[in-house]
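Trainee: Residue numbers (this note's numbering), protein chains in the order written: chain A, 25 to 185; chain B, 4 to 294.
My questions will all concern the structure given below.
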Amino acid sequence: MSETLYTMEVEVNGMRRTGAVPARLSLVDWLRDELRLTGTHIGCEHGICGACSVMLDGEPVRACLMYAVQANGHRVTTVEGLARPDGSMSVLQDSFCETHGLQCGYCTPGMLIASQALLDSNPNPTEAQIRDAIGGNLCRCTGYQQIVEAVQLAAARTKSK
Amino acid sequence: MKAAPFEYVRAASVGEACELLARHGDGAKLIAGGQSLVPMMAMRLVRPAWLLDINEIPALKFVKCEKDVARIGAGTRQCAVERDDLLASRVPLLRQALAWVGHVQTRNRGTIGGSLAHADPSAELPLVAQVLGARTVLRSGSGARTLDAAQFFAGPMATAARPDECLEEIQWPIWPERRAGSAFTEISIRHGDFAMVAAAAQLALDAEGRCIRAVLGLGGVGGTPLAFPKIAVRLVGTKLEDGALRDAAEAAAAACEPGSDLHATAEYRRHLARVLTARVLREAREKATAA
Numbered sequence: 025m026s027e028t029l030y031t032m033e034v035e036v037n038g039m040r041r042t043g044a045v046p047a048r049l050s051l052v053d054w055l056r057d058e059l060r061l062t063g064t065h066i067g068c069e070h071g072i073c074g075a076c077s078v079m080l081d082g083e084p085v086r087a088c089l090m091y092a093v094q095a096n097g098h099r100v101t102t103v104e105g106l107a108r109p110d111g112s113m114s115v116l117q118d119s120f121c122e123t124h125g126l127q128c129g130y131c132t133p134g135m136l137i138a139s140q141a142l143l144d145s146n147p148n149p150t151e152a153q154i155r156d157a158i159g160g161n162l163c164r165c166t167g168y169q170q171i172v173e174a175v176q177l178a179a180a181r182t183k184s185k
Numbered sequence: 004m005k006a007a008p009f010e011y012v013r014a015a016s017v018g019e020a021c022e023l024l025a026r027h028g029d030g031a032k033l034i035a036g037g038q039s040l041v042p043m044m045a046m047r048l049v050r051p052a053w054l055l056d057i058n059e060i061p062a063l064k065f066v067k068c069e070k071d072v073a074r075i076g077a078g079t080r081q082c083a084v085e086r087d088d089l090l091a092s093r094v095p096l097l098r099q100a101l102a103w104v105g106h107v108q109t110r111n112r113g114t115i116g117g118s119l120a121h122a123d124p125s126a127e128l129p130l131v132a133q134v135l136g137a138r139t140v141l142r143s144g145s146g147a148r149t150l151d152a153a154q155f156f157a158g159p160m161a162t163a164a165r166p167d168e169c170l171e172e173i174q175w176p177i178w179p180e181r182r183a184g185s186a187f188t189e190i191s192i193r194h195g196d197f198a199m200v201a202a203a204a205q206l207a208l209d210a211e212g213r214c215i216r217a218v219l220g221l222g223g224v225g226g227t228p229l230a231f232p233k234i235a236v237r238l239v240g241t242k243l244e245d246g247a248l249r250d251a252a253e254a255a256a257a258a259c260e261p262g263s264d265l266h267a268t269a270e271y272r273r274h275l276a277r278v279l280t281a282r283v284l285r286e287a288r289e290k291a292t293a294a
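In C-alpha cells form, the structure reads like this:
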C-alpha cells in the first residue's frame with residue numbers, strides 16, 4: 025500500500041528542514057524518526073501527558089496532536105533548541121539540574137518547553153502562574169515541587185544578569 | 004495509536020474549504036486545532052478519507068466587539084480569546100470558561116469554532132454559547148445561514164451543520180446592563196479534564212439591586228449543554244435572595260438529565276448540578292452587586 029507523500033519545509037531549531045511525509049505522520053514522529061531529534065518524548069499519543077510539547081511559532085503545543093504536514097511553513101523549537109549554540113545547558117536547564125527538577129527524565133523535555141515558553145512571555149512568574157504553565161505536563165517522579173523551584177531559580181538568575 | 008491513512012489538503016479560504024467539502028462529501032472532515040479530532044483519529048473513532056485543514060485561513064481568525072455583539076472567527080485560537088481584554092469586559096463568561104479548558108498547550112492550538120463544532124456535551128465553550136444564546140454562522144457553497152446555539156447543538160458530538168458547511172463565525176451577545184455579573188465553575192477529576200458537571204450563569208441588576216435579566220445553564224448532564232430560560236426568568240424581579248437562588252438551583256438540578264459512567268453516578272451529577280448552580284448564581288450576584 026502506498027500513501028501519498030506531502031512535501032514540507034519547516035524551520036526546526038533555526039534550521040530549514042524539508043520532508044516528504046504521509047499525511048497521518050504526527051509531528052512528534054517526524055521530529056524523532058526522520059530528523060532524529062529524540063529529545064522530544066512520546067508519552068500518551070493523545071494529548072494528555074505533555075511529554076511531546078514543542079514550540080510552534082514560539083508557543084508551546086502538543087506535537088502528538090498535530091500532523092507533521094500541518095507544520096509546513098512554520099517554526100518549531102524542540103528541547104534540543106533550548107541549549108546554547110555551543111551545546112552547553114541553558115539557564116533553565118541548569119536550574120532543573122540544580123534543584124533536582126527531574127528524576128527519570130521522561131517528562132523533562134515537555135516541562136522545559138512549557139516553562140521556557142512561560143519565561144519567554146513572563147520573565148517573573150508567580151508560583152501559581154508556573155503551576156498553571158506546567159499544568160498540562162504530567163510528572164510521576166518529582167511531585168512537581170522541584171520543577172516549580174527550577175523555574176523560580178531560572179527566573180531569578182535571568183533577572184540578576 | 005496512529006490514524007488510518009487519509010489525504011490532506013490545506014484550504015486557503017473559506018470558499019475553498021466549502022468547495023472541497025462539497026466535492027468530498029461525507030468522506031471529508033475539517034480540521035481546526037485538532038485537539039479533539041486528532042486523538043479521535045488516532046483511536047480510529049473517526050476515519051476521514053480527506054482531512055481539510057482550515058488553520059491557515061486568516062479570514063477565520065478575528066475578534067470584533069461591536070455594540071451588542073462580539074463576533075469571533077471560528078478559527079480563532081482559544082489563547083487569543085483568553086488574552087483579549089476588551090472581549091473579557093464585554094463577554095466575561097468566555098475568559099471565565101476558558102480557564103477550565105484543557106491546558107496552555109491545548110489552548111494555543113484549539114479554536115473557538117472547533118470546540119463548538121465538536122459539541123461535547125461536557126465542554127465549556129458550548130455551555131457558554133448555549134447559556135448566552137450565541138449564534139453560529141455556517142457557510143456553504145450556496146451561502147450562509149445563522150443558527151441559534153439551541154438549534155446548532157443537536158446531541159452528543161452532533162450539530163445541525165450539514166456535511167458541506169463550515170462554521171465561520173460565532174456571535175456572542177454583549178449585555179448592555181452596567182450592573183451585570185457572571186460566573187463559571189465545574190468539577191472534574193483533574194483541572195483541565197472534561198467536566199463531570201459544569202455550571203454558568205449571568206445576571207443583571209437595576210439600580211435598586213433588583214434582577215432585570217438572568218441566564219443559567221449546565222454542562223455534562225444531558226446530550227447537549229443545557230440552558231434553563233424558564234428557571235432563570237423566575238429570578239427576574241427578585242432581589243436574588245439566597246432562597247431564590249436555592250430554588251433556582253433545585254429546579255435546574257431537577258430539570259437536567261444526568262447519566263452514570265465510570266467517573267460519577269447520575270445521583271452524584273445531579274447533586275453537583277444543584278451545588279454548582281447555586282455557586283455560580285451567588286458569584287454572579289456578588290459581581291453584579293459590586294459592578
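Think of the CB as a built atom: it goes at the ideal place given N, C-alpha and C, for glycine as much as any other residue.
Which same chain residues, not among the five before or five after residue 166 of chain B, have their C-beta less than 7 Å away from its C-beta?
Mentor: Your numbering for residue 166 of chain B matches position 163 in the second sequence. The answer, listed in chain order, is 24, 28 and 29.
Trainee: Given a threshold of 16 other Cβ atoms within 10 Å of its Cβ, counted over all protein chains shown, does residue 192 of chain B qualify as buried or as exposed?
Mentor: Within the second sequence, numbered from 1, the residue matching residue 192 of chain B stands at position 189. Its Cβ having fewer than 16 others within 10 Å, residue 192 of chain B is exposed.
Trainee: Check the DSSP bridge columns for residue 132 of chain A and list the partner residues they point to.
Mentor: Counting from 1 along the first sequence, the entry for residue 132 of chain A is found at position 108. Residue 132 of chain A is not bridged to any residue.
Trainee: How about residue 151 of chain B and residue 138 of chain B: do their beta carbons lie closer than 8 Å?
Mentor: Here residue 151 of chain B is taken as the residue at index 148 of the second sequence, counted from 1. Here residue 138 of chain B is taken as the residue at index 135 of the second sequence, counted from 1. In this structure, residue 138 of chain B lies closer than 8 Å to residue 151 of chain B by Cβ.
Trainee: Whose Cβ in chain A lies nearer than 7 Å to the Cβ of residue 6 of chain B?
Mentor: Numbered from 1 along the second sequence, position 3 holds the residue referred to as residue 6 of chain B. The answer, in chain order, is 48.
Trainee: Let's test the definition: count the other Cβ atoms within 10 Å of the Cβ of residue 2 of chain B and tell me whether it reaches 16, buried, or not, exposed.
Mentor: Limits of chain B in this structure are 4 at one end and 294 at the other, which puts residue 2 of chain B out of reach.
Trainee: Assuming residue 174 of chain A and residue 119 of chain A form a contact by the criterion Cβ under 8 Å, report the distance between their Cβ atoms to the nearest whole angstrom.
Mentor: For the purposes of this step, residue 174 of chain A is taken as residue 150 along the first sequence, with counting starting at 1. For the purposes of this step, residue 119 of chain A is taken as residue 95 along the first sequence, with counting starting at 1. About 4 Å; that satisfies the 8 Å criterion.
Trainee: I need the straight-line Cα distance from residue 188 of chain B to residue 33 of chain B, nearest angstrom please.
Mentor: In the second sequence, counting from the first residue as 1, residue 188 of chain B sits at position 185. In the second sequence, counting from the first residue as 1, residue 33 of chain B sits at position 30. Each residue's Cα considered, the two are about 30 Å apart.
Trainee: According to the Cβ coordinates, are residue 154 of chain B and residue 72 of chain B closer than 8 Å?
Mentor: Counted from its first residue, the second sequence places residue 154 of chain B at position 151. Counted from its first residue, the second sequence places residue 72 of chain B at position 69. In this structure, residue 72 of chain B does not lie closer than 8 Å to residue 154 of chain B by Cβ.
Trainee: Under 8 Å between beta-carbons, which chain A residues line up against residue 149 of chain B? List them in chain order, please.
Mentor: Taking the first residue of the second sequence as position 1, residue 149 of chain B is located at position 146. Residues of chain A passing the Cβ test: none, with the nearest at roughly 30 Å.
Trainee: Residues bridged to residue 114 of chain B by DSSP?
Mentor: Here residue 114 of chain B refers to the residue found at position 111 of the second sequence. Note: residue 114 of chain B sits in a beta bridge opposite B/80.
Trainee: How would you list, in chain order, the residues of chain A whose beta-carbon sits under 8 Å from the beta-carbon of residue 49 of chain B?
Mentor: What you label residue 49 of chain B is simply residue 46 of the second sequence in a count that begins at 1. Simply none; closest approach about 12 Å.
Trainee: Which two residues bound the contiguous alpha helix (DSSP H) that contains residue 120 of chain A?
Mentor: Indexing the first sequence from 1 puts residue 120 of chain A at position 96. Residues 115-122.
Trainee: May I have the straight-line CA-CA distance separating residue 113 of chain A from residue 80 of chain B, to the nearest angstrom?
Mentor: Here the question's residue 113 of chain A lines up with position 89 in the first sequence. Here the question's residue 80 of chain B lines up with position 77 in the second sequence. Roughly 32 Å separates the two Cα atoms.
Trainee: Whole-angstrom Cβ separation of residue 124 of chain B and residue 228 of chain B, contact assumed at under 8 Å?
Mentor: Counted from its first residue, the second sequence places residue 124 of chain B at position 121. Counted from its first residue, the second sequence places residue 228 of chain B at position 225. Right, the Cβ-Cβ distance comes to about 6 Å (below 8 Å), so this counts as a contact.
Trainee: Name the residue from A/163, A/171 and A/170 whose alpha carbon lies nearest to the alpha carbon of residue 65 of chain A.
Mentor: Residue mapping note: residue 65 of chain A aligns to position 41 of the first sequence, counting from 1. Answer by Cα proximity: A/163.
Trainee: In chain order, what are the residue ranges of uninterrupted alpha helix (DSSP H) at least 4 long that sit wholly in the region 111-180 of chain B?
Mentor: DSSP runs (the alpha helix (DSSP H)) wholly in the region 111-180 of chain B: 115-121, 127-135 and 152-155.
Trainee: Are the region 44-54 of chain A and the region 79-93 of chain A touching by the rule of at least three beta carbon pairs closer than 8 Å?
Mentor: Enough Cβ pairs lie closer than 8 Å, so yes.
Trainee: Which value, in whole angstroms, describes the spacing of the CA atoms of residue 164 of chain B and residue 67 of chain B?
Mentor: For the purposes of this step, residue 164 of chain B is identified with residue 161 of the second sequence, where counting begins at 1. For the purposes of this step, residue 67 of chain B is identified with residue 64 of the second sequence, where counting begins at 1. Cα-Cα distance, rounded: 23 Å.
Trainee: Assuming residue 15 of chain B and residue 60 of chain B make a contact with CB atoms under 8 Å, what is their CB distance in whole Å?
Mentor: As a position in the second sequence, residue 15 of chain B is number 12, starting the count at 1. As a position in the second sequence, residue 60 of chain B is number 57, starting the count at 1. Confirmed, about 7 Å.
Trainee: Using the C-alpha atoms, what's the distance from residue 184 of chain B back to residue 252 of chain B?
Mentor: Taking the second sequence and counting its residues from 1, one reaches residue 252 of chain B at position 249. Taking the second sequence and counting its residues from 1, one reaches residue 184 of chain B at position 181. Their backbone Cα atoms lie some 17 Å apart in a straight line.
Trainee: Does residue 53 of chain B come out as helix, strand or coil in the three-state DSSP assignment?
Mentor: As a first step, residue 53 of chain B is located in the second sequence; it is residue number 50 there, counting from the start. Residue 53 of chain B: strand per DSSP, three-state reduction.
Trainee: How close, in whole Å, do the beta carbons of residue 133 of chain B and residue 220 of chain B come, if the pair is a contact with beta carbons under 8 Å?
Mentor: As a first step, residue 133 of chain B is located in the second sequence; it is residue number 130 there, counting from the start. As a first step, residue 220 of chain B is located in the second sequence; it is residue number 217 there, counting from the start. About 5 Å; that satisfies the 8 Å criterion.
Trainee: DSSP three-state call for residue 33 of chain A: helix, strand or coil?
Mentor: As a first step, residue 33 of chain A must be located in the first sequence, where it is residue number 9. Residue 33 of chain A: strand per DSSP, three-state reduction.
Trainee: If we define contact as Cβ-Cβ less than 8 Å, is residue 55 of chain A a contact residue for chain B?
Mentor: Stepping through the first sequence from its first residue, residue 55 of chain A is reached at position 31. Cβ-Cβ to chain B under 8 Å: no for residue 55 of chain A.
Trainee: Which same chain residues, not among the five before or five after residue 47 of chain B, have their C-beta less than 8 Å away from its C-beta?
Mentor: Position 44 of the second sequence, counted from the start, is the residue given in the question as residue 47 of chain B. If we look at residue 47 of chain B and ignore the five residues flanking it on each side, its Cβ neighbours are 6 and 7.
Trainee: Name the chain B residues that come within less than 8 Å of residue 30 of chain A, Cβ to Cβ?
Mentor: Along the first sequence, one-based indexing puts residue 30 of chain A at 6. 11, listed in chain order.
Trainee: For residue 233 of chain B, which residues from the same chain have a beta carbon less than 8 Å from its beta carbon, with the 5 sequence-adjacent residues on both sides left out?
Mentor: Here residue 233 of chain B corresponds to residue number 230 of the second sequence, with the count starting at 1. Around residue 233 of chain B: no qualifying Cβ.
Trainee: Check whether the Cβ atoms of residue 125 of chain A and residue 170 of chain A lie closer than 8 Å to each other.
Mentor: Position 101 of the first sequence, counted from the start, is the residue given in the question as residue 125 of chain A. Position 146 of the first sequence, counted from the start, is the residue given in the question as residue 170 of chain A. It is a contact, given that the beta carbons lie within the stated cut-off.
Trainee: For residue 104 of chain A, which residues from the same chain have a beta carbon less than 7 Å from its beta carbon, with the 5 sequence-adjacent residues on both sides left out?
Mentor: As a first step, residue 104 of chain A must be located in the first sequence, where it is residue number 80. These residues qualify, in order along the chain: 37, 61 and 63.
Trainee: Note down, in chain order, every chain A residue with its Cβ under 9 Å from the Cβ of residue 35 of chain B.
Mentor: Mapped onto the second sequence, residue 35 of chain B falls at position 32. Near residue 35 of chain B there are no residues of chain A at all, since even the closest Cβ is about 11 Å away, more than 9 Å.
Trainee: Go through its chain and collect everything with a Cβ distance to residue 162 of chain B's Cβ below 7 Å, but skip five positions before and after it.
Mentor: For the purposes of this step, residue 162 of chain B is identified with residue 159 of the second sequence, where counting begins at 1. Correct list, in chain order: 120, 122, 155 and 156.
Trainee: Please classify residue 132 of chain A as buried or exposed, where buried requires at least 16 other C-beta atoms within 10 Å of its C-beta.
Mentor: Counted from its first residue, the first sequence places residue 132 of chain A at position 108. Classification for residue 132 of chain A: buried.
Trainee: Chain B partners of residue 152 of chain A, CB-CB under 7 Å?
Mentor: Taking the first residue of the first sequence as 1, we reach residue 152 of chain A at position 128. Those within 7 Å of residue 152 of chain A in chain B number zero; the least Cβ separation is about 12 Å.
Trainee: Are there 16 or more other CB atoms within 10 angstroms of the CB of residue 240 of chain B, so buried, or fewer, so exposed?
Mentor: As a working mapping, residue 240 of chain B is identified with position 237 in the second sequence. Residue 240 of chain B comes out exposed.
Trainee: List the DSSP bridge partners of residue 39 of chain A.
Mentor: Taking the first residue of the first sequence as position 1, residue 39 of chain A is located at position 15. Partner(s): A/36.
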